[in-house]
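Protein chains: 2
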Amino acid sequence: MSHPTIFDVARRAGVSKSLVSMVMRGATNVSDERRARVIAAAEELGYRPNAAAQSLVRQKSFVMGVIVSDLHNTFFADVIDGIDNAVRSVGYRALLVSGHLNADRETEALETLLRLRADAVILAGPAVDIDDVVAAAASVPLVVAGAVSSHAAIPSVTTDDLRGAALAVDHLVELGHKKISHIDGGDALSSRLRRQGYEAAMRRHGLEPRVVSGSFTRDGGIHGAQTLLAGDDEPTAIFAANDLAAMGVLSVLHDSGADVPGELSVVGYDNTAVAQSSPIPLTTIDQPRTELGEVAARLALERINDGTDVQSVVLEPTLVIRDTTVTPTHSRQ
Amino acid sequence: MSHPTIFDVARRAGVSKSLVSMVMRGATNVSDERRARVIAAAEELGYRPNAAAQSLVRQKSFVMGVIVSDLHNTFFADVIDGIDNAVRSVGYRALLVSGHLNADRETEALETLLRLRADAVILAGPAVDIDDVVAAAASVPLVVAGAVSSHAAIPSVTTDDLRGAALAVDHLVELGHKKISHIDGGDALSSRLRRQGYEAAMRRHGLEPRVVSGSFTRDGGIHGAQTLLAGDDEPTAIFAANDLAAMGVLSVLHDSGADVPGELSVVGYDNTAVAQSSPIPLTTIDQPRTELGEVAARLALERINDGTDVQSVVLEPTLVIRDTTVTPTHSRQ
DNA sequence: ACTTTCCCCTGGAACGTTCCAGGGGAGATA
DNA sequence: TATCTCCCCTGGAACGTTCCAGGGGAAAGT
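Top to bottom, those sequences are chains A and B. This note's numbering puts the first residue of the first sequence at 56, with every later residue one more than the last. This note's numbering puts the first residue of the second sequence at 56, with every later residue one more than the last.
Below, the structure written as C-alpha cells:
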C-alpha cells in the first residue's frame, strides 16, 4: 500500500540516493550499466517520485491550477482542452477544481490551489468578485479566461461580444431580413455587450432595433418569443442572447405551428452542443473556445517564467450557419 | 511573489515555529494572547500553509483525485458535484484531471495523481483499459464511477441499465404501445445492457422486440430512425440508446413531417441537458448522477480509512416523463 | 613517476511542515 | 521551604526529494 522512496530504489540497485535521483531526472552523466540497474529497480518496486517532495525542494510544482466556474457548461470543457494542450507541451499539468457557480466555493478553490503551490492559476469564467482575488494575485500569476477581468493587475482572455452580435445581424440582413428582434440575456456583462452590438449593427444598416428582455436560459427565450408573437408587428428573424434561449424560442414557434426557418429565422449564440443536436440545427455564433484556453495558458506560463505583466487578449467570434436561417418569404417581407 | 513560511510568521509574532503550527491547526492548549498574535501575523503576511510540506510529513494529502474521462459530457458534472460534496464534508479536496476520452491521457492523469500522492482516486467513466490500472491500485484505493469495473479488486458504482430499459418499455406499454422499436448504441457495455433490458421487458409483456443498430450519437439516431421509417411496419414508439440518439430521431421525424408525440412516441436515456432544452422536451431515463458520485466518494473514503475491501454498488434509474410520449392514436395502433 | 583532467559517483544540507520529548514557571499541596 | 502538577511553550528529528561540493580512480599529459 505504501509508496517506495528513492532510498528503497537505491538500496535495491546498490547505488546512492543521488544517483537514483539523477537517473529519474534523465541526467546524461551516468554509466549505462548503473542507469539500467536503477531503472530496473524502480520498475520492480513501482517507484513514483513524490511530487510533494519535489515541489518543496525545487520551489516549483509544475502545476497549472484551473478553477472551473461551472462544469455543467460545456463551454469550459473546450477551454480546458485548450489549457491542457498548451500546458502539457511544456511539462506542466493542469489540475482542475470545480467552482460550482458559487463565489464562496471559488474562493475556496483558489485557496486550495495556492496551498498546493500551483505555479499559476487560471480562472475559467469566474463568478467570484474579482476584488477578492486580487490579494491572491500578489503571490501567484493569475489569468481570467472567458470573462473580462475588471482589475488591471489581472489579465483576461475573452471574445468580442460586440462583434459577435454584429456578425449575427449582418448575416440576417444579408439574407434580406429587416425586422430583426433581439431577446436579450439580462444584466450580465456579456449580455449587455451582445445587446449593444446588436443595436449598433442594426443602426448601421439603417434598421430599427427592437429588444425584448429575456435571460440566458430556455425560459428567457420562451418569454421573449411569446412577447414578440403577441405583438402586432411580428419580426422575420430573432437573435437570441444564447443557444439555450434560442431553444426556448424554437419550442414556442414549434407549439404555435410556425415554420422555422420558412416563416421565422432564429440565431443563437455560443455554439453549444444543443445548437448542433437540436432537431433543427441552429445557426449561431461560435467563440474560439479551445484557443481561449490556449491563449490563457500561454499568458500564465509567460508570467511564471519572466514575471512581466502581460496584456489582456480579445479573440474574434465567428458565424456558424446551420438550418434556422434563410431568406425571408416574400409574403412576410 | 514568494510565499511566507511558518518561520516568517513565528518571527513576526515573536514565538516558535511549533507554536505557529499549533495555532494553524487549531490546537486548544495555546494562550489566547499568543494565539491572537500568531493569527494577526499570519494574516498580515498572507501566510498559507504549504500543502506539499504538510503532505510530506503527515503522510497524507487529503486529496481525492478524480479522473474525468470526458468533460464535454455533462453527465460527469453531476457526478463530480456528488464527489465534491461527499469529500468536502470530511476535510478532503477533490482535484480533477481531464482524461480527454483517451486511454493514454487517462493513464497519464492517473500517474499525475499518484505522484501528487492523492489519498484515493476515483475514475469517472474511464475509457482506459482497466487492467492497466490494476497495478496502480496496489498503491492507492481506486473506485470506478459510472462504468462497470471488470476487475474484482476495483469496486465500481453504476446504475442498472437493464432496469432502466425496462422502465422505458413499461412506460410505453402502459400508454398502450405495442410496436416499440429500439435503436441501440453499438458495442459499448452499457449499450448491450440497455438492449438486453429492452428485449427482456418486451418479452415479459408478450411483445416482439425489434432492434435496429445505431450508436450513442445524434447520427446513430438519425440512421436508426431512417431505417425504421423505411420499413413497411412502422412502430408507434421508439426507444433510443441515449438522449443524443433520440435527438437524431426527433430531427428525422421533424423533417418527414411526422407529429411527435401524436404519431410516434420517443424515449431517450440519460436525462442530459438536451433532453430538457429540446423544443419538445424528451421523456427519458434518469440516472442518479449526484448520488453516483457521492457513493463513489464514500467508498473511496472508507477504503482510505480502514483499508478493507468494499463492494461494488448498483443504483436504480428512474423514468422522467416529458412531452415525447403519449397514448398511441387509434388509427396507428 | 607525478600531476592533471575527466568521468562517474556520493554524502550532506535544504525545502516547510508535524509531532514528540521535554523544559520553565506558576500555583497548589505538603 | 520543598515538591508536585499542570499549562504553555520550545527545539530537534523526520518526511522524500534536489542540488552542490567534493572524492576516487582511470586515462592522459609531462
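Positions of the beta carbon are idealized from the N, C-alpha and C atoms, including for glycine.
Practice task
Report the rounded CA-to-CA distance for R80(B) versus P104(B), giving the unit in angstroms.
Solution key: Here residue 80(B) corresponds to residue number 25 of the second sequence, with the count starting at 1. Here residue 104(B) corresponds to residue number 49 of the second sequence, with the count starting at 1. R80(B) and P104(B): Cα-Cα distance of roughly 10 Å.
Practice task
May I have the straight-line CA-CA distance separating A255(B) from E263(B), to the nearest angstrom?
Solution key: For the purposes of this step, residue 255(B) is taken as the residue at position 200 of the second sequence. For the purposes of this step, residue 263(B) is taken as the residue at position 208 of the second sequence. Straight-line Cα distance between these residues: approximately 10 Å.
Handout entry: Element boundaries [beta strand (DSSP E), containing A295(A)]
Key = By one-based count along the first sequence, residue 295(A) stands at place 240. Where A295(A) is concerned, the enclosing beta strand (DSSP E) stretches over 292-295.
Handout entry: Pairwise C-alpha distance: L347(A) and L370(A)
Key = Here the question's residue 370(A) lines up with position 315 in the first sequence. Here the question's residue 347(A) lines up with position 292 in the first sequence. Approximately 7 Å, taken between the alpha carbons.
Handout entry: Option in F130(B), L227(B), A191(B), G146(B) with minimal Cα separation from A179(B)
Key = By 1-based counting over the second sequence, the position of residue 179(B) is 124. Taking only the C-alpha atoms, the option nearest A179(B) is F130(B).
Practice task
Compute the minimum distance between the beta carbon of V176(A) and the heavy atoms of the ligand ATP, and state whether it is under 8 Å.
Solution key: The ligand content of the structure shown is nil, which means the ligand ATP is not present either.
Handout entry: Straight-line Cα distance separating D159(A) from G286(B)
Key = The residue given as residue 286(B) occupies position 231 in the second sequence. The residue given as residue 159(A) occupies position 104 in the first sequence. Approximately 56 Å, taken between the alpha carbons.
Problem - Interface flag, G312(B) vs chain A, CB-CB below 9 Å - result: Here residue 312(B) is taken as the residue at index 257 of the second sequence, counted from 1. Answer no: the Cβ-Cβ gap between G312(B) and chain A never drops below 9 Å.
Problem - Those residues which DSSP pairs with M119(B) across a bridge - result: What you label residue 119(B) is simply residue 64 of the second sequence in a count that begins at 1. DSSP lists A149(B), A175(B) as partners of M119(B).
Exercise for the section: Label T145(A) either buried or exposed according to how many other C-beta atoms from any shown protein chain fall within 10 Å of its C-beta, with 16 as the threshold for buried. Expected result: Taking the first sequence and counting its residues from 1, the one referred to as residue 145(A) is at position 90. Sequence check: residue 145(A) is Val here, not Thr. So V145(A) ends up on the exposed side.
Exercise for the section: Might you give, ordered along the chain, the residues of its own chain that have their beta carbon closer than 8 Å to the beta carbon of L244(B), omitting 5 neighbours on each side? Expected result: Within the second sequence, numbered from 1, the residue matching residue 244(B) stands at position 189. So the qualifying residues of the chain are A202, V203.
Problem - beta strand (DSSP E) segment containing I376(A), residue limits - result: As a position in the first sequence, residue 376(A) is number 321, starting the count at 1. I376(A) -> no beta strand (DSSP E), and no H or E assigned at all.
Problem - Proximal chain A residues relative to G101(B), where beta-carbon distance stays under 8 Å - result: By 1-based counting over the second sequence, the position of residue 101(B) is 46. Neighbours of G101(B) on chain A, chain order: A190, A193, S194.
Exercise for the section: Report the neighbours of L299(B) on chain A: residues whose CB is nearer than 8 Å to its CB, in chain order. Expected result: The count along the second sequence starts at 1 and reaches residue 299(B) at position 244. Ordered by position in chain A, the residues that pass the 8 Å Cβ test against L299(B) are S332.
Exercise for the section: Determine the burial state of F62(A): buried for a count of at least 16 other Cβ atoms within 10 Å of its Cβ, exposed for fewer. Expected result: Position 7 of the first sequence, counted from the first residue, corresponds to residue 62(A). Exposed, since its Cβ has fewer than 16 Cβ neighbours within 10 Å.
Exercise for the section: With L230(A) as the anchor, note down where its alpha helix (DSSP H) starts and where it stops. Expected result: As a first step, residue 230(A) is located in the first sequence; it is residue number 175 there, counting from the start. It spans 216-230 - the alpha helix (DSSP H) in which L230(A) sits, taken as one unbroken run.
Practice task
Check whether the Cβ of S110(A) lies closer than 9 Å to any Cβ atom in chain B.
Solution key: For the purposes of this step, residue 110(A) is taken as the residue at position 55 of the first sequence. For S110(A), the answer is yes, since a Cβ of chain B falls inside 9 Å of its Cβ.
Problem - Beta-bridge pairing of A200(B) - partner residues as DSSP gives them - result: Counted from its first residue, the second sequence places residue 200(B) at position 145. A179(B), V212(B).
Problem - Distance, V152(B) Cα to N128(A) Cα - result: Taking the first residue of the first sequence as position 1, residue 128(A) is located at position 73. Taking the first residue of the second sequence as position 1, residue 152(B) is located at position 97. Straight-line Cα distance between these residues: approximately 17 Å.
Practice task
Using beta-carbon positions only, say whether M119(A) and L356(A) come within less than 9 Å of one another.
Solution key: Taking the first residue of the first sequence as 1, we reach residue 119(A) at position 64. Taking the first residue of the first sequence as 1, we reach residue 356(A) at position 301. Yes; because the gap between Cβ atoms is below 9 Å, this pair is in contact.
Handout entry: D87(A) classed as buried or exposed, judged by whether at least 16 other C-beta atoms fall within 10 angstroms
Key = Stepping through the first sequence from its first residue, residue 87(A) is reached at position 32. D87(A) comes out exposed.
Exercise for the section: Taking the CB atoms as reference points, tell me whether R66(B) and S116(B) lie closer together than 9 Å. Expected result: As a working mapping, residue 66(B) is identified with position 11 in the second sequence. As a working mapping, residue 116(B) is identified with position 61 in the second sequence. Their beta carbons are not under 9 Å apart, which means R66(B) does not touch S116(B) by this criterion.
Handout entry: Neighbouring residues, chain B, relative to I94(A) (Cβ below 9 Å)
Key = Taking the first sequence and counting its residues from 1, one reaches residue 94(A) at position 39. Simply none; closest approach about 16 Å.
Problem - Where S320(B) sits in the DSSP three-state scheme - result: As a position in the second sequence, residue 320(B) is number 265, starting the count at 1. Residue state, collapsed to three classes: strand.
Practice task
Compute the distance between the beta-carbons of P181(A) and G154(A), then report whether it is under 9 Å.
Solution key: Here residue 181(A) refers to the residue found at position 126 of the first sequence. Here residue 154(A) refers to the residue found at position 99 of the first sequence. It is a contact, given that the beta carbons lie within the stated cut-off.
Exercise for the section: Please decide whether S153(A) counts as near chain B, where near means a Cβ-Cβ distance under 9 Å. Expected result: Start at 1 with the first residue of the first sequence, and residue 153(A) comes out as number 98. So yes, S153(A) belongs to the interface.
Exercise for the section: Check whether the Cβ of Q388(B) lies closer than 9 Å to any Cβ atom in chain A. Expected result: What you label residue 388(B) is simply residue 333 of the second sequence in a count that begins at 1. In this predicted model, Q388(B) has a pLDDT of only 37, less than 50, meaning its place in the structure is not dependable; the value taken from the coordinates is given anyway. Chain A contact via Cβ: absent.
Problem - Closer than 9 Å to chain A by CB, M302(B) - result: Here residue 302(B) is taken as the residue at index 247 of the second sequence, counted from 1. For M302(B), the answer is yes, since a Cβ of chain A falls inside 9 Å of its Cβ.
Practice task
Check whether the Cβ atoms of G269(B) and D216(B) sit closer than 9 Å, and answer yes or no.
Solution key: For the purposes of this step, residue 269(B) is taken as residue 214 along the second sequence, with counting starting at 1. For the purposes of this step, residue 216(B) is taken as residue 161 along the second sequence, with counting starting at 1. No, Cβ-Cβ distance for G269(B) and D216(B) is not below 9 Å.
Handout entry: Positions along the region 259-289 of chain A whose CB lies within less than 7 Å of some CB in chain B
Key = R273
Handout entry: With 16 other Cβ atoms within 10 Å as the buried cut-off, status of V123(A)
Key = Residue numbering aside, residue 123(A) sits at position 68 when the first sequence is read from its first letter. V123(A) is buried by the Cβ-count criterion.
Exercise for the section: Go ahead and pull the three-state DSSP assignment for H309(A). Expected result: Walking along the first sequence from the start, residue 309(A) turns up at place 254. Helix.
Exercise for the section: Have a look at D364(B), I376(B), G261(B), D133(B) and flag the residue whose alpha-carbon is nearest the alpha-carbon of Q331(B). Expected result: Counting from one through the second sequence, the residue named residue 331(B) turns up at place 276. Nearest of D364(B), I376(B), G261(B), D133(B) to Q331(B), Cα basis: I376(B).
Handout entry: Status (buried if at least 16 other CB within 10 Å, exposed otherwise) for D139(A)
Key = Stepping through the first sequence from its first residue, residue 139(A) is reached at position 84. Looking at its Cβ environment, which holds 16 or more other Cβ atoms inside 10 Å, D139(A) is buried.
Exercise for the section: Measure the C-alpha to C-alpha separation of D325(A) and Q342(A) and round it to an integer number of angstroms. Expected result: Indexing the first sequence from 1 puts residue 325(A) at position 270. Indexing the first sequence from 1 puts residue 342(A) at position 287. Answer to the nearest angstrom: the Cα atoms are 6 Å apart.
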